[in-house]
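Colleague: This is the structure, below, for whatever I ask next.
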Amino acid sequence: MVEGKANPKHEVINGYNCLLELGGWTPDSIDSLLSNVNKLYADPSSRMQEIVKQFVGTKFGFESMSPVPPKGVLRVRLEFMDCVTYIYNMLALCKAKNFNDFISNLYKIRYLSTDDKIIDSDPDTGNVLDFAEESLIINCVNIGFLKDITEEVAGNEKLMEISVDLKRFQRYSYLDSKNMFVSPRFGERVFTEKFISVDSFDLMNKNKIKSGDIILLSEGPITKHNMISPVSISHLAIAHVKDDELYFYHSTRHFYWRPHATTETPPSYTGIFLDKDRKKEIIGTALAGIFAGEETKTEYDGLIYFGLNQEIKRPLKDFASRLFKGFKVMRII
Numbered sequence: 000m001v002e003g004k005a006n007p008k009h010e011v012i013n014g015y016n017c018l019l020e021l022g023g024w025t026p027d028s029i030d031s032l033l034s035n036v037n038k039l040y041a042d043p044s045s046r047m048q049e050i051v052k053q054f055v056g057t058k059f060g061f062e063s064m065s066p067v068p069p070k071g072v073l074r075v076r077l078e079f080m081d082c083v084t085y086i087y088n089m090l091a092l093c094k095a096k097n098f099n100d101f102i103s104n105l106y107k108i109r110y111l112s113t114d115d116k117i118i119d120s121d122p123d124t125g126n127v128l129d130f131a132e133e134s135l136i137i138n139c140v141n142i143g144f145l146k147d148i149t150e151e152v153a154g155n156e157k158l159m160e161i162s163v164d165l166k167r168f169q170r171y172s173y174l175d176s177k178n179m180f181v182s183p184r185f186g187e188r189v190f191t192e193k194f195i196s197v198d199s200f201d202l203m204n205k206n207k208i209k210s211g212d213i214i215l216l217s218e219g220p221i222t223k224h225n226m227i228s229p230v231s232i233s234h235l236a237i238a239h240v241k242d243d244e245l246y247f248y249h250s251t252r253h254f255y256w257r258p259h260a261t262t263e264t265p266p267s268y269t270g271i272f273l274d275k276d277r278k279k280e281i282i283g284t285a286l287a288g289i290f291a292g293e294e295t296k297t298e299y300d301g302l303i304y305f306g307l308n309q310e311i312k313r314p315l316k317d318f319a320s321r322l323f324k325g326f327k328v329m330r331i332i
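So the sequence shown is residues 0 to 332, counted in numbering that gives the first Met the number 0.
Following this line, the structure appears as structure tokens:
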């Protein structure tokens, strides 16, 4: 498998029965990281900016391809992430003083909290928040972790409304080998949110966005493949502002196209390659690079992968306008 394999360990931490899949991290190294960033940065956005740098090159893997943890068990996975679990982990770390806080934050972000700390990760019948609309836009705002600054960023530009019918649906096989059903926790309904249109990118107050803000991107009710979308949030990223340009960090399954690499060229990210020549390195979590062209398109294990040139940073405008209809901006508080 491209994403690698976790090496889990069970441990009770802060009252939670945890399944630890930490990769090269340990509770002590997380404690050290959080101690340093909290000493250096009072502003949570600045902490987020520093934390994401420490996780560059983390392997990519769809969490939904992994077995559902037993009831009562909290999966704590830093070894590999997908685009949404990347956001959950970075946010939970940013709001933590130590590893124990990180564990508690993961529970608060990802589950409908109960006094007796019920953990049921079944996407259909449990209390896990599998829709980013519910975990981030509703839950994280309600618990005081995030605030929606989309209107502030839009300025005088009129926001667009995107409505999606949030209801129980069956995952595609490329996301979930068991094709499990997923249900919204706050009930089936038409979910309507305001987004900045990608067509308004040059007209918005871009200077209102700062590094560490969370970007939620939407394809709208109809996907780029002309299918009805079961969700309004299609991808997530973390803003990176440099020289008045807006770039972004994210977790991607696609690869760093290294046309001049040899088998002796050291890896830059995950060290996982799609080819024997080591020219196609899976990126995982990183600052996004520009699209390297349709000619890099590669099929591997039933999925399509594209090449990215990681030597040139990709502006959010280029990424958003090619693939999405609108985006929201959330700030850590």
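Glycine included, every Cβ here is placed at the ideal spot set by N, Cα and C.
What residues match up with T251 in a beta bridge as DSSP calls it?
Modeller: Indexing the sequence shown from 1 puts residue 251 at position 252. DSSP lists G283 as partners of T251.
Colleague: How about K296 and I289: are their beta carbons less than 8 angstroms apart?
Modeller: Residue 296 sits at position 297 when you count from the first residue of the sequence shown. Residue 289 sits at position 290 when you count from the first residue of the sequence shown. No, the Cβ-Cβ distance between K296 and I289 is not below 8 angstroms.
Colleague: Can you tell me which of the three DSSP states V75 falls into?
Modeller: Position 76 of the sequence shown holds residue 75. Three-state result, V75: strand.
Colleague: So, is D81 buried or exposed, given that buried needs 16 or more other C-beta atoms within 10 angstroms?
Modeller: As a first step, residue 81 is located in the sequence shown; it is residue number 82 there, counting from the start. So D81 ends up on the buried side.
Colleague: I need the straight-line Cα distance from K116 to L18, nearest angstrom please.
Modeller: Counted from its first residue, the sequence shown places residue 116 at position 117. Counted from its first residue, the sequence shown places residue 18 at position 19. Near 15 angstroms, if we compare the C-alpha coordinates of L18 and K116.
Colleague: Tell me where the alpha helix (DSSP H) around I86 begins and ends.
Modeller: The residue you call residue 86 lines up with position 87 of the sequence shown. That run of the alpha helix (DSSP H) goes C82 to C93.
Colleague: Taking the alpha carbon of P266 as the point to measure from, which residue in R277, L245, H259 and L273 has its own alpha carbon closest?
Modeller: The sequence position of residue 266 within the sequence shown is 267, counting from 1. Nearest of R277, L245, H259 and L273 to P266, Cα basis: R277.
Colleague: For S44, I'd like the list of residues in its chain whose CB is within less than 8 angstroms of its CB, leaving aside the five on either flank, ordered along the chain.
Modeller: For the purposes of this step, residue 44 is taken as the residue at position 45 of the sequence shown. Closer than 8 angstroms at Cβ, skipping near neighbours: K209, S210, G211, D212, R330 and I331.
Colleague: Provide the residue span of the alpha helix (DSSP H) that contains R109, from first to last.
Modeller: Locating residue 109 in the sequence shown gives position 110, where the first residue counts as 1. F98 to R109 is the extent of the alpha helix (DSSP H) around R109.
Colleague: Helix, strand or coil for T191, going by three-state DSSP, please let me know.
Modeller: Here residue 191 refers to the residue found at position 192 of the sequence shown. T191 falls in the strand class under three-state DSSP.
Colleague: Do M203 and A238 have their beta-carbon atoms positioned less than 8 angstroms apart in this structure?
Modeller: One-based indexing of the sequence shown puts residue 238 at position 239. One-based indexing of the sequence shown puts residue 203 at position 204. Going by C-beta atoms, A238 is not nearer than 8 angstroms to M203.
Colleague: Please check the pair A285 and Y246, which I expect to be a contact at CB under 8 angstroms, by giving their CB distance rounded to whole angstroms.
Modeller: Position 286 of the sequence shown holds residue 285. Position 247 of the sequence shown holds residue 246. Not confirmed; about 11 angstroms, so no contact.
Colleague: At which residues does the beta strand (DSSP E) containing E20 begin and terminate?
Modeller: Here the question's residue 20 lines up with position 21 in the sequence shown. Taken as a continuous stretch (DSSP letters only), the beta strand (DSSP E) holding E20 covers Y15 to E20.
Colleague: Within this structure, are the beta carbons of E192 and S231 separated by less than 8 angstroms?
Modeller: Here residue 192 is taken as the residue at index 193 of the sequence shown, counted from 1. Here residue 231 is taken as the residue at index 232 of the sequence shown, counted from 1. The answer is yes: Cβ separation under 8 angstroms.
Colleague: May I ask you to report which of helix, strand or coil DSSP gives A260?
Modeller: Mapped onto the sequence shown, residue 260 falls at position 261. Note: A260 maps to coil in three-state DSSP.
Colleague: Taking the beta strand (DSSP E) that K223 falls in, what are its first and last residues?
Modeller: For the purposes of this step, residue 223 is taken as the residue at position 224 of the sequence shown. Where K223 is concerned, there is no enclosing beta strand (DSSP E), given that its DSSP letter is neither H nor E.
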